[in-house]
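Below you'll find the structure, written out as structure tokens, and then a few comments.
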Amino acid sequence: AAAQGAFVAITNHDCLIPAGWLRGLLARHALGEYAAVGGAVVNGTPASLVGTAAYWSEFNEFTTERPAGVVPGVPQCNVCFRRSALVGTSPFPTVRFGAEELTFNYELTRAGGIFFFDPTVPVTHLNRTSLAAFLGHQRVLGVGSAMARRLVPLAGTVATRHRALIPLLIPLRIGRVPGP
Numbered sequence: 089a090a091a092q093g094a095f096v097a098i099t100n101h102d103c104l105i106p107a108g109w110l111r112g113l114l115a116r117h118a119l120g121e122y123a124a125v126g127g128a129v130v131n132g133t134p135a136s137l138v139g140t141a142a143y144w145s146e147f148n149e150f151t152t153e154r155p156a157g158v159v160p161g162v163p164q165c166n167v168c169f170r171r172s173a174l175v176g177t178s179p180f181p182t183v184r185f186g187a188e189e190l191t192f193n194y195e196l197t198r199a200g201g202i203f204f205f206d207p208t209v210p211v212t213h214l215n216r217t218s219l220a221a222f223l224g225h226q227r228v229l230g231v232g233s234a235m236a237r238r239l240v241p242l243a244g245t246v247a248t249r250h251r252a253l254i255p256l257l258i259p260l261r262i263g264r265v266p267g268p
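Under our numbering, think of the first position of the sequence shown as 89, with each following residue one higher.
Spelled out as structure tokens, the structure:
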């Protein structure tokens, strides 16, 4: 509510932002009435096996190889929202960390918001490189993902009611890697 500009750009503390980042996001916004424009996420820890596993498990849908276009959501570490899409009655529930991005993207889309992915506007994500940190974060994301699926109808929702199906979510997640 404190933001006064027409756009609100968001990244994370563990991302490296290139020169021209905001300019690229705003240029894409100028081409359409998007609620949000998000860019690609580049692996910032390619020399680490754990870091690379962390990258692919979190950002496999947002590589620079994905074609530009309308998508159901964008990475919250590389996004610029049109402020008007964020004001008024909150379109998303208050949820625990790990579920907020999924529920927010779903609710904003359901309210008519359009997300656009632009692979030419990347950030570099510095992933967790210790196995303990990676596994701990995966647990947080898994619990959050299950919570989000109890709140909104996302792919894999049936697994939250039938726990034996949870291992099938891994190929579902990997299968969402967009092709060229």
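Cβ atoms here follow ideal geometry from the backbone N, Cα and C, with glycine treated the same way.
Around the beta carbon of residue 210, a 10 Å sphere encloses 16 or more other beta carbons of the protein chains shown; the residue is thus reported as buried. DSSP places residue 221 in the uninterrupted alpha helix (DSSP H) bounded by 219 to 239. Between the alpha carbons of residue 108 and residue 171 lies a distance of about 20 Å. With a cutoff of 8 Å on beta-carbon distance, residue 187 and residue 233 are scored as near each other. Cβ atoms of residue 140 and residue 148 stay farther apart than 8 Å, at about 11 Å. For residue 252, the three-state secondary structure derived from DSSP is helix. A straight line joining the alpha-carbon of residue 115 with that of residue 205 spans about 13 Å. Taking the Cα of residue 169 as reference, the smallest distance to any Cα among 93, 125, 106, 145 is reached at 125.
Residue 201 carries a coil assignment under DSSP once its states are collapsed to helix, strand and coil. Residue 140: member of the alpha helix (DSSP H) spanning 137 to 147, first to last residue.
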